[in-house]
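**Q** Protein chains in written order, with the working numbering: chain A, 28 to 316; chain B, 1398 to 2162.
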Amino acid sequence: MKEFVSAQSIDEALDTLSRFGDDCLIMAGGTDIMIQQRTGDIDPRRYLHIERIESLKGILVDEKILIGSTTSHHSIVSSKNLQRLCPGLVSASATVGGWQTQEAGTLGGNICNASPAADTIPSLLAANALVHLKSSSAERTVRLDEFIVGRRMTSRLEGELLVAIEVEALPANASEVYIKVGPRSAMEVALVGLAVRISISPLGIVENVAIATCSVGPKPFRAIAAETAILGSQLEDEAVMNAVSELTQEASPMDDFRASARYRKQVLGSALVNALNICQLQHKLREQS
Amino acid sequence: MKIVGEKYARSDGVVKVRGEALYTTDLQFPGMLFGAIFRSPVAAGRILHLDISAAENSPGVHKIITASDAPRHRHGLVVDDEQIFTSSDITYAGEPIAAIAATSLAEALAALKKIRIEIDEITPIVDLHEAIDPKCRLIHQGWKDFGAPEELFRSNNIVGQMVYDDGDVDKILNGSDFVIENEFVAGRQYQAYMEPKGVVASYENGRFTVHVSHQFPFNVRDRLAKALGIKSSAIRVVGHHIGGGFGGKLDLGIEPFACVLAKSTGRPVKLIQSRAEDMATCPVRENAIIHLRTGVNRDGQIIATDMDVIMDAGAAAGDTPYLSSIPLFLAGAPYKSGRTRVRCRVVYTNTPSTGAFRGVSGTYINFAVERQMDEIAKVIGMDRRQLRLKNLLHDGDCFLNGQVLSDASILDEAFALVESRAPWTTTGKGKLRGVGIAAAVWLTNPLPGSATMKLNEDGTLGLITAATENGSGAVAMGLRQIAAQEFGLEPDDVLISMPDTDVAGYDAGSQGSRTTHVVGRAIQEASIELRSKIISVAAEVLEALPGDIEIVDGQVGVAGVPASRIPLSSIAIAAKSMAGPLVATGSYRTPAPEYNHQCATGLLFTTFPTLTYHVHLAEVEVDPATGNTTVLRYIVAQEVGKVVNPDGVRGQIQGGVAQGLGYVLYENLDIGTDGKYRQKTLEAYRLPIAGDIPEVEIMLLEHPDLAGPHGVRGVAEPPIVPVAAAIANAISDAIGAPLNTIPVRPIDVLDGIRWAQEVHPDRQV
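#1: Identify the residues that DSSP records as bridge partners of MET1964(B): which are they?
#2: Within this structure, are the beta carbons of ASN1747(B) and PRO1521(B) separated by less than 8 Å?
#3: I think VAL190(A) touches LEU157(A), with their Cβ atoms under 8 Å apart; what is that distance to the nearest whole Å?
#4: Check ASP1409(B) in the structure and name its three-state DSSP category.
#5: In this structure, how does DSSP classify ASN235(A) when only helix, strand and coil are distinguished?
#6: Just to confirm, are GLY135(A) and ALA55(A) a CB contact at a threshold of 8 Å?
#7: For a contact defined as C-beta to C-beta under 7 Å, what are the partners of PRO2143(B) on chain A?
#8: Please return the same chain residues whose Cβ sits closer than 7 Å to the Cβ of ILE1992(B), not counting the five positions on each side in sequence.
#9: Determine the DSSP secondary structure at ARG1469(B), reduced to helix, strand or coil.
#10: Short check: CB of THR1865(B) to CB of ILE2144(B), under 8 Å?
#11: Does chain B have any CB closer than 8 Å to the CB of PHE284(A)?
#12: Given that ASN301(A) touches chain B, what residues does it touch there, using C-beta distances under 7 Å?
#13: Could you tell me whether any Cβ in chain B is nearer than 8 Å to the Cβ of GLN127(A)?
#14: What's the C-alpha gap between GLY1954(B) and SER1929(B)?
#15: By how many angstroms is the C-alpha of PRO71(A) removed from the C-alpha of SER33(A)?
#16: Is the beta carbon of GLY1491(B) closer than 8 Å to that of SER1455(B)?
#17: So, do the stretch 2054-2070 of chain B and the stretch 1580-1597 of chain B have three or more beta carbon pairs nearer to each other than 8 Å?
#18: Please report the distance separating the alpha-carbon of ILE1394(B) from that of ALA253(A).
#19: Measuring alpha carbon to alpha carbon, tell me which of ASP2071(B), GLY2088(B), GLY2059(B) ends up nearest LEU2079(B).
#20: Just mark ARG1740(B) as buried or exposed, buried being the case when its beta carbon has 16 or more other beta carbons within 10 Å.
#21: What residues of chain A sit near ASP2089(B), judged by a beta carbon separation below 9 Å?
#22: Tell me, to the nearest whole angstrom, how far the beta carbon of ILE103(A) is from that of SER120(A); I am working on the premise that it is less than 8 Å.
#23: If you count every other CB in all the chains shown that lies within 10 Å of the CB of GLU1767(B), and 16 or more means buried, which is it?
#24: CB-CB under 8 Å to ASN108(A), same chain, minus the five flanking residues each way: which ones, in chain order?
#25: Strictly below 7 Å CB to CB, what residues from chain A border ASN1853(B)?
#26: Exposed or buried, which one is LYS2039(B) when buried takes at least 16 other CB atoms within 10 Å?
#27: Would you decide whether ARG2110(B) is buried or exposed? Buried here means 16 or more other CB atoms lie within 10 Å of its CB.
#28: Using the three-state DSSP reduction, which class does ILE1555(B) fall into: helix, strand or coil?
#29: Quick check on DSSP: helix, strand or coil for ARG1585(B)?
#30: Which residues bound the alpha helix (DSSP H) around MET61(A)?
#31: Measuring CA to CA, which of ARG224(A), ASP172(A), THR275(A) is closest to CYS306(A)?
#32: At a CB-CB cut-off below 9 Å, which residues of chain B make contact with SER272(A)?
#33: Which residue from ASP2159(B), ASN2126(B), ASN2042(B), GLY2149(B) puts its Cα closest to that of PHE1764(B)?
#34: Return the residue from the list GLY1641(B), GLY1473(B), SER1485(B), THR1421(B) that minimises the CA-CA distance to ILE1444(B).
#35: With a threshold of 16 other CB atoms inside 10 Å of the CB of LEU1852(B), please say whether the residue is buried or exposed.
#36: Locate the beta strand (DSSP E) running through GLY1831(B), then write down its first and last residues.
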């Protein structure tokens, strides 16, 4: 029989983790692991349920933005603060599965599940997210791009709990967008996911840019070469085409029953062009007002 | 009181919405065991060794059966090429090898994992061209010994061939102004009903009782009898609520395993498939290749047609040999095909068996014919709609089998109706927007049905029939309203039995939109007799002449004397002490239309009775970044004969279009080189969702069919038929490139856009 531990506090959760370590699967929403268990992909001896821990929930906006690890996608979508300060994450969270998934699924769960198709991760990477980890003996903060190390793999240590995610607010002169590609209008797994956060000067020069993707490689990643291609440019066609070329070169999507690698690469390039167009349009509208 | 034609809520709506309706999976019986099937993990090979000893000792296991515990003879719907278990040759991944009965499902599944098997695996044959080659390895070594109808042509891996030839087709083709030649390819489609297949069987006193959620309980009985080698009267099949079928629950499924397990354990056995098992083994819509050559004159007249079709039966023929006749009808309708040759071959492969699915074979044959029309129009420089109108069938024209279409001019009306809603020359304009049109002629399945009606002692009407309510509303709305109308009762006063082969007369199941038409007519036949019995009792009670008695709004009285009216209940009560209880039975089968018996060879499906006519128009927009298609508008003009319930008719048309959109835009069932589907769950097999489906604009034509009750023709099956064609034509129009494969994948659209830009660099996309 499986053991189900529902922790009421962080201390209780950390205590359970310190005793059982990796014999204990943390459940923070369960929208993926319930399916994985049913199909037999995972067979944990013990579940540590952390959704009743109040201090892991919620969104704190101070000089930094902290999102509790069991904050649901729905809470992120409906947060007025995040709609203003992190609109890319908000729109990404609104594309996770359907409404039921968004109600049950959590940001921390999405991160630790480390799916190559995790919708929230590109926007978090573009917002230079940090993850706050805690164990019964230590605390540490790790950059998200270092935390996710591979397909369904993180650098979380045995006994550690992801307690919060820290993101940088969207600067005043910046725009951001998340583009998700899939055949259906909702309830979709991204065939390609792309987040762009970009700051454009009043003269139209790209001062800062972050481009991040999911579903086009074993793990979501920041496309540094593509960023470099448009940094300092005015988003003229040549710069954008260079960025597209860098991005598609860096991507290593797989052929599977959902889509071919060829399709994903082609669509990834179009998604970047679209994303930059949308951001530029937002920038122009802002300049006008 | 007018009941037929009005909106009445369906009788099973509330229980289904509240979750109170009992499906097969809900049934519980004392001492019931749970079954599981051990299936071949590979698609082709030979079993070297099977070891069930560890599984037999697994906790909770009562019995494990293999080929040696079950009848070993071959059986099948058309060709006897199936066996309950294989003990040697494996012909597809998922072929049953053993079955387990255990105290719980978990224990049955745990034991399943302990069965050990050693297989000498060989490379499966999955390619149709490879399979059809006479030099190809045989899928079934013993095919010559399989029982089959005499008129069915078989050879090596070919398990059915229909050939029609007017003669001189090549000559006429070569002499025509234009020859347009294209190949069309269609993938498989899973019925994806909500309720995976299930059965509960028990064995008592030498008889099996089999509980199912099945579209065709009498077929379960007859096919089981054949599979088990027993009399059909030794089997009672009881039907329950059905969580959808769409043709996937017409043939025998997993019932034999539950029966053999029940007999060998002496306990009721419940066998419910998981979704993955259901998907992997369901007789899905067959994949096919259609090669089409059309000879056309400069003025747009089609003067010759050469169609060659290869259908994939999978590892067992199922009903696919019947379907080889469908191309004969669709090659020559709704457009005249000139001098024509049609050949259709059905081929075995090492893949799961295919079978009936709403719009059987018609979906992709219509796709080929209607896509070809667009390509013809492009080549000869004629408007696509004009080309269609020029070649359209009219009253008195014939199908290729010689059957006369007495009312085909309805097609003209349907085209005009669509035009009134969406003018052809102004619809689908704009960047990456397109419009597609497709028409179809379809049949209403003629197979027999019956109804027994009784006037209950409280004045309600009992209707006993084996017609099944497959979700379409044919029973829950159609039959109920037709029966109520006969006696002026409220539909709620008609109580309809669940199907039970021990109780009701034969019924050919919910297929081909037949139920409302055929069983509705049987109800009318029974009503004639029941009314006459009621009248003769009433005449005695009211001391009047039978000729003066009338039945009005659930009451009986002397015509012209409203004060004499008494409730029907008093007649039912009086009858008990007079002629006896008031019961009557009616039967009906649509007579077969006349046709030329010598028209073709291998024609198993000979006529298209009770015709319906369809014109669909789709307006789409394509996203050049993703290749995704948005359906902006979808318009249907459909001939239904007579609407019995407006909500029912509209629901079926909306649903048929949704299923067609899934077929052409979303649903992929790819066969890997290992002979297995690459999509193993509904998470991978993408069905469209509500947000993907526009509200279908429905326009109905009501030209009554003289034989149908109130003029009813079939409604529910055909709305899926022209959808793939209309959508593919619209996308092709939007991007300027032909799309000749189902499904139309986003990558095909992107490739098409690129192709069109290379061919027509000046075209704006």
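For each residue, glycine too, the CB sits at the ideal point set by N, CA and C.
**A** With the given structure in hand:
#1: Reading off the sequence, residue 1964(B) comes out as Pro, not Met. DSSP lists GLN1952(B) as partners of PRO1964(B).
#2: yes
#3: In fact, because the Cβ distance is near 12 Å, the residues do not count as touching under 8 Å.
#4: Reduced to three states, the DSSP call for ASP1409(B) is coil.
#5: The three-state secondary structure of ASN235(A), taken from DSSP, is strand.
#6: It is a contact, given that the beta carbons lie within the stated cut-off.
#7: PRO210, TYR290
#8: Looking at the sequence shown, residue 1992(B) is not Ile but Tyr. Within the same chain, TYR1992(B) has close Cβ partners ASN1798, GLY1799, GLN1800, THR2003, THR2004.
#9: coil
#10: no
#11: Interface annotation, PHE284(A): in contact with chain B, CB-CB separation under 8 Å.
#12: ALA2022
#13: Answer no: the Cβ-Cβ gap between GLN127(A) and chain B never drops below 8 Å.
#14: The straight-line gap from Cα to Cα measures roughly 14 Å.
#15: 15 Å
#16: no
#17: yes
#18: Here chain B has residues from 1398 to 2162 only, and residue 1394(B) is not among them.
#19: Taking only the C-alpha atoms, the option nearest LEU2079(B) is GLY2059(B).
#20: Its Cβ being crowded by 16 or more others within 10 Å, ARG1740(B) is buried.
#21: PRO210, ARG211, SER212, ALA213
#22: Their Cβ separation, rounded to whole angstroms, is 4 Å, which keeps ILE103(A) and SER120(A) in contact under 8 Å.
#23: GLU1767(B) is buried by the Cβ-count criterion.
#24: ILE86, VAL88, ILE92
#25: At a C-beta separation below 7 Å, ASN1853(B) has no neighbours in chain A, since its nearest C-beta there lies roughly 45 Å away.
#26: buried
#27: buried
#28: strand
#29: coil
#30: 60-66
#31: ARG224(A)
#32: Per Cβ cutoff of 9 Å: no residues; SER272(A) is ~17 Å from chain B at best.
#33: In terms of CA proximity to PHE1764(B), ASN2126(B) leads the group ASP2159(B), ASN2126(B), ASN2042(B), GLY2149(B).
#34: SER1485(B)
#35: Under this definition LEU1852(B) is a buried residue.
#36: Counting along the chain, the beta strand (DSSP E) containing GLY1831(B) begins and ends at 1830-1839.
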